[in-house]
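These notes concern the structure reproduced below.
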Amino acid sequence: MTLAETARARRHFARLSFEDGEVVVTPKDRAIFVISAEKATEACLDAVQDKERFERFESEILLPLHDWCLANRDKVRACYVPIPTTHLSVFVVTKSARFDFDLAAAVAALELDLAGKGWRVVVSQLPSTSDDSSSTYFNHEGALEVYAQPGSASEEG
Amino acid sequence: MPSPDQHRKKAENNRKLLDALSLDDFPDWVVTVTFYTVVHVIERLRAAAGDGDSADHESRTQYVQQLHPAIHTAYSVLRNASHLARYGSNADFFRHFQREDIADRIVATFLVAIEEYAATQLENRSR
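Chains A and B are the protein sequences, given in the same order. Going by this note's numbering, the first sequence opens with residue 1, and the numbers climb by one from there. Going by this note's numbering, the second sequence opens with residue 1001, and the numbers climb by one from there.
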């Protein structure tokens, strides 16, 4: 096994699933999820109480992101939210190696919609690469996997 | 804090560099310089409005989202493309962007849209 294969085989993401309009986190991934949610809400929603923060992170970020990915599943392979710092970053990994300008307009509309709810958020499109170089753009460790189709790197791990 | 005029000069210099760059030889730099031209076009708008400076790309994004949503899509696309141009490998960049994408979309559509929008805004402000 090459180094790249070894790296891919080790799953760093907290994998989320969605059922009946709710976010489902496995006990194994719960700690990562809590850290991300806390950081995201610290960065974006200073004035909001803790319990409400988590609910808003789920209802205003995670669920809409998942729904958006489902609506664009013909083009989107995966979607990740790394542990936030000063703002919330979202990376939409596409199936195509070519930058999709139509999807980019949809990504911009999504970003504007999320920002309109009071979140400091930047959404980026990452076109497919031959060797899954997404780690060039964000730290996989602790990232939330909001959406992934079978065949995505983490699905294989 | 740079003045609107200082941002205008930076934007104009970047535009000159952009026009001098060969798209065939330096397509990634064409994308990058396009974005940094837009950065100064927007910072000029911001300074002219007395809204201070953007601390980073994210705060500029937030400023555009809140006060100039008409150019948000163009800015978002250029920020995204520039990020890929700066940090991705050359091989990936050439898979992501074709020559016509850069000439027709990045420069002729999105950069020009932001330049025209800013020119109108600044003209309205000066009346």
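Glycine included, every Cβ here is placed at the ideal spot set by N, Cα and C.
Step through the CB atoms of chain B and report whether any lies within less than 8 Å of the CB of L3(A). Because L3(A) carries a pLDDT of 46, less than 50, the predicted location of this residue cannot be relied on, and no value is offered for it.
Return yes when the Cβ of I1106(B) is within less than 8 Å of the Cβ of L1078(B), no when it is not. yes
Are the C-beta atoms of H140(A) and some chain B residue less than 8 Å apart? Closer than 8 Å: no.
Which of helix, strand or coil does DSSP assign to Q77(A)? The amino acid at residue 77(A) is misidentified as Gln; the sequence shows Arg. If DSSP states are grouped into helix, strand and coil, R77(A) belongs with the strands.
Any 3 or more C-beta pairs closer than 8 Å across the stretch 30 to 40 of chain A and the stretch 1003 to 1018 of chain B: no
Proximal residues to A7(A) (C-beta, below 7 Å), its chain only, five neighbours per side dropped: With a pLDDT of 48 at A7(A), under the threshold of 50, the modelled position of that residue is not reliable, and no figure is offered here.
Measure the CB-CB distance between I1114(B) and V1031(B) and report whether it falls below 8 Å. no
If the cut-off is 9 Å on Cβ atoms, which residues from the stretch 1086 to 1099 of chain B count as contacting chain A, listed in chain order? Y1087, G1088, S1089, A1091, D1092, R1095, H1096, F1097 and Q1098
With a floor of 4 residues, list each alpha helix (DSSP H) that falls wholly inside the stretch 1082 to 1122 of chain B, ordered by position along the chain. 1090 to 1096
What's the gap between the Cα of E141(A) and the Cα of K95(A)? 22 Å
So with CB distances below 9 Å, who are the chain B contacts of L65(A)? Those within 9 Å of L65(A) in chain B number zero; the least Cβ separation is about 16 Å.
Can you give the beta carbon distance from R1095(B) to R98(A), rounded, assuming they're within the 8 Å contact cut? 7 Å
Secondary structure at L1021(B), three-state DSSP: helix, strand or coil? coil
For L144(A) and F13(A), what's the separation of their Cα atoms in angstroms? 6 Å
When we look at the beta-carbon of D1028(B) and count the other beta-carbons within 10 Å, is it buried (16 or more) or exposed? So D1028(B) counts as buried.
So within the stretch 79 to 122 of chain A, which uninterrupted alpha helix (DSSP H) runs reach at least 4 residues, ignoring any that extend past its ends? 101 to 115
If we count the other Cβ atoms within 10 Å of its Cβ and call it buried at 16 or more, is Q125(A) buried or exposed? The residue is buried, with at least 16 neighbouring Cβ atoms inside 10 Å.
What does E995(B) touch in chain A if you count any residue whose Cβ is under 8 Å from its own? Only positions 1001 to 1127 of chain B appear in the structure, and residue 995(B) is not among them; the question remains open.
Could you tell me which residues DSSP puts in a beta bridge with I23(A)? Checking the sequence shown, residue 23(A) turns out to be Val, not Ile. Answer is F18(A).
Should T85(A) go down as buried or exposed, given a rule of 16 or more other Cβ atoms within 10 Å for buried? exposed
Checking the sheet assignment: what are the DSSP bridge partners for Y147(A)? C79(A)
Is P64(A) closer than 8 Å to F138(A) when the C-beta atoms are compared? no
From the DSSP output, in three-state form, read off S128(A) for me. coil
Relative to chain A, which residues along the stretch 1068 to 1080 of chain B have a C-beta separation below 7 Å, given in chain order? Here the close residues are P1069, H1072, T1073, S1076, V1077 and N1080.
Rounded straight-line distance, which links the Cα of Q149(A) to that of L70(A): 10 Å
Report yes or no: is there a C-beta of chain B within less than 8 Å of the C-beta of P84(A)? no
If you draw a straight line from the C-alpha of L1017(B) to the C-alpha of V1033(B), how long is it? 8 Å
What are the start and end residues of the alpha helix (DSSP H) that includes T1034(B)? P1027 to A1048
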